[in-house]
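Numbering (our numbering), first residue to last: 766 to 1127. By construction, the Cβ of each residue, glycine as well, lies at the ideal position given by its N, Cα and C atoms. To keep things clear, I will list the structure first and then write my remarks on it.
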Amino acid sequence: GSAHRSGPRGVHQRPLRRVTQTVDLTTDRFRGRRRWFGPLVTASLLAVAGAALSFGAVSVPGDQVLGVLAREFGMTAFAEPTQQAQAVVWGIRMPRLLLGFVVGASLAGVGGVLQGLLRNEMADPHLLGIGPGAAIGASIGSAVGGIPGAISGGVVAGVVTAFAIRRLASRASIDPTRIILSGVALGAALSAWVGFVVFAADRATVPPIEFWLLGSLTGSTWRALGTTTVFVVASGIVLLSSARTLDVLGLGESSARHLGMDVDLVRTVLLVSSGVAVGATVGAVGVVAFVGLLVPYFARKVAGPRHRHLLPASAAGGALFVAASDLASRLVIEPIEIPVGLVTAAVGGPLFLWLLTRRRDA
């Protein structure tokens, strides 16, 4: 009968709905925070976007920025932009800004999913090794097929690494914290192989090692933005639709199985989808560390534990964090550009150490 019908996420829908309704009663205190979070993040995104399009090695006045945007969207209400403003704003800075949004939303959303999947707030695609694993495939792919090859190679390698984590997570005797620490060791080993690939390849076709291991939005193109967005949107639909499933997993694996969840299937689908999203971003901009750790941690404080609210909040916060970090990387030591991954690591690294220390003291 319908009481035993399984949904697309491997869970019997009726008991799952009762569980999530119960969770709703415990999250009322977050409603007020969610009301102001949306407008605040939206205003912050617009502010960062305006600054990112205006400031840099070549400053573009605000009226010229508006003129460029008006021309591209078929409006004539603003002053006609100069050719230089058109080239800088639309040809260079706009794809870089939008790619930063996509990368940040992807990494933070995946971080929120992995933390729910492993029931551990230290879970992060970089710490689990998915990022460094994807970097190997991306660096090989870039030698063969440029940016499309890098993104495709990153996706394939990201999925392979996710399957390796899936096998590790399937061992019931292994604690989620040990899975994460194993991922840290795996990531270190994979990073060494990235270095080997880069140094063995033709320097004219493969970006330098700091691009892959520290991340950079320098040289972002509309083509890279389009290809990355396709993979991120496709995997993001799967991840966002898993919100109710992740809520049940939060009750514990045995409780989830009792409610009819196919835990193994859920793990596989979510890890593979995470590998696709992370692999695409790594292929486009390299490894940008700690976004998936930092942003979901603070988003949970605002949006609450329900993943229906947490995942969109994480994605929005991630877009803001990466775009703001990239802006800082361009302006801190002008005209030198710092890799954006250095900025995110400078913020996320201390938080990871703090979380690790707190869990040991608990």
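Applying the criterion that 16 or more other CB atoms from any shown protein chain within 10 Å of the CB defines a buried residue, is residue i buried or exposed?
i       : result
Gly766  : At Gly766 the pLDDT is 45, less than 50, meaning the model places this residue with poor confidence; the figure from the coordinates comes in the next sentence. Looking at its Cβ environment, which holds fewer than 16 other Cβ atoms inside 10 Å, Gly766 is exposed.
Trp1119 : exposed
His1023 : exposed
Pro826  : exposed
Thr1122 : exposed
Met887  : buried
Arg1032 : buried
Phe1117 : buried
Val776  : Low per-residue confidence applies at Val776: pLDDT is 48, beneath 50, and the placement is therefore not dependable, though the value from the model is reported in the following sentence. Flag for Val776 reads buried.
Leu790  : Below a pLDDT of 50, predicted positions are generally treated as unreliable, and Leu790, at 46, falls in that range; the measurement from the model is reported next regardless. Classification of Leu790: exposed, given that the 10 Å Cβ count is below 16.
Met1026 : buried
Phe795  : buried
Glu837  : exposed
Thr787  : Residue placement at Thr787 is flagged as unreliable, the pLDDT there being 48, under the threshold of 50; the coordinate-derived value follows with that caveat. With fewer than 16 Cβ atoms within 10 Å of its Cβ, Thr787 is classed as exposed.
Ala808  : exposed
Ser1019 : exposed
Pro846  : buried
Ser1095 : As written in the sequence, residue 1095 is Arg, which differs from the Ser given in the question. The residue in question, Arg1095, is buried, as its Cβ has 16 or more Cβ neighbours within 10 Å.
Thr1109 : buried
Ala1080 : buried
Ser917  : buried
Gly1001 : buried
Asp1012 : buried
Val1097 : exposed
Gly906  : buried
Just to confirm before moving on: does the CB-CB distance between residue i and residue j stay below 7 Å?
i       : j       : result
Val731  : Gly1106 : Nothing in the structure corresponds to residue 731, since the chain is present only between 766 and 1127.
Val920  : Val1041 : yes
Leu982  : Gly896  : no
Gly832  : Phe820  : no
Trp977  : Gly1044 : no
Ala850  : Gln880  : no
Val878  : Thr993  : no
Leu818  : Val854  : yes
Leu1092 : Ala873  : no
Thr926  : Gly894  : yes
Arg1073 : Ala1008 : yes
Ala966  : Ala908  : yes
My assumption, with CB atoms under 8 Å, is that residue i sits in contact with residue j. Please give the rounded CB distance.
i       : j       : result
Val1047 : Gly923  : 7 Å
Ala989  : Ile912  : 5 Å
Leu882  : Leu1014 : 7 Å
Ala1068 : Ala1078 : 4 Å
Gly876  : Pro1061 : 5 Å
Gly980  : Pro860  : Wrong, their Cβ atoms sit about 16 Å apart, outside the cutoff.
Val813  : Ala1089 : 5 Å
Leu1058 : Leu1005 : Incorrect: roughly 20 Å between the Cβ atoms, too far for contact.
Ser904  : Val963  : 6 Å
Ala822  : Glu1099 : 7 Å
Ser956  : Leu933  : Going by Cβ atoms, the distance from Ser956 to Leu933 rounds to 18 Å, so no, they are not a contact pair.
Identify which residue in the options has its Cα closest to the Cα of residue i.
i       : options                               : result
Val1087 : Leu810, Gly797 and Pro804             : Leu810
Val971  : Val1028, Gly874 and Ile901            : Ile901
Gly803  : Val1112, Ala1064, Ile944 and His1072  : Ala1064
Ser1039 : Ala852, Ala899, Ala1093 and Ala817    : Ala899
Arg1113 : Arg799, Asp889, Val878 and Ala950     : Before going further, note that residue 1113 is Gly rather than Arg in the sequence given. Closest by alpha carbon: Asp889.
Pro941  : Ala999, Gly1017, Ala915 and Glu975    : Gly1017
Thr1010 : Val1034, Leu818, Val854 and Ala1049   : Val1034
Ile930  : Ser824, Ser907, Arg798 and Leu951     : Leu951
Gly885  : Ile945, Pro846 and Trp801             : According to the sequence provided, residue 885 is Asn. The question's Gly does not apply to it. Minimum Cα distance to Asn885 is reached at Ile945.
Ala852  : Leu863, Leu834 and Gly839             : Leu834
Gly1082 : Glu845, Leu862 and Ala870             : Ala870
Trp987  : Ile857, Thr841 and Gly839             : Ile857
Phe928  : Thr1109, Gln848, Leu1036 and Arg800   : Leu1036
Trp958  : Ile974, Gly839, Leu933 and Gly991     : Ile974
Gly984  : Ser1000, Gly906, Leu863 and Asp1012   : Leu863
Gly797  : Glu1102, Ile1101, Lys1066 and Pro1115 : Lys1066
- [ ] Give, in chain order, every unbroken run of the alpha helix (DSSP H) that is at least 4 residues long and sits entirely within the region 813 to 841.
- [x] 827 to 837
Open item on the list: What ranges does the alpha helix (DSSP H) occupy inside the region 854 to 890, keeping only unbroken runs of at least 4 residues that lie completely in it?
Closed with: 859 to 883
Task: Ordered list of alpha helix (DSSP H) runs contained in the region 1064 to 1110, each at least 4 residues - done: 1072 to 1096
Task: In chain order, each alpha helix (DSSP H) run of at least 4 residues that lies wholly inside the region 957 to 994 - done: 974 to 979
TODO: Starting from the N-terminal side, write out each stretch of the alpha helix (DSSP H) that is 4 residues or longer and does not extend beyond the region 1005 to 1044.
DONE: DSSP runs (the alpha helix (DSSP H)) wholly in the region 1005 to 1044: 1008 to 1014 and 1018 to 1023.
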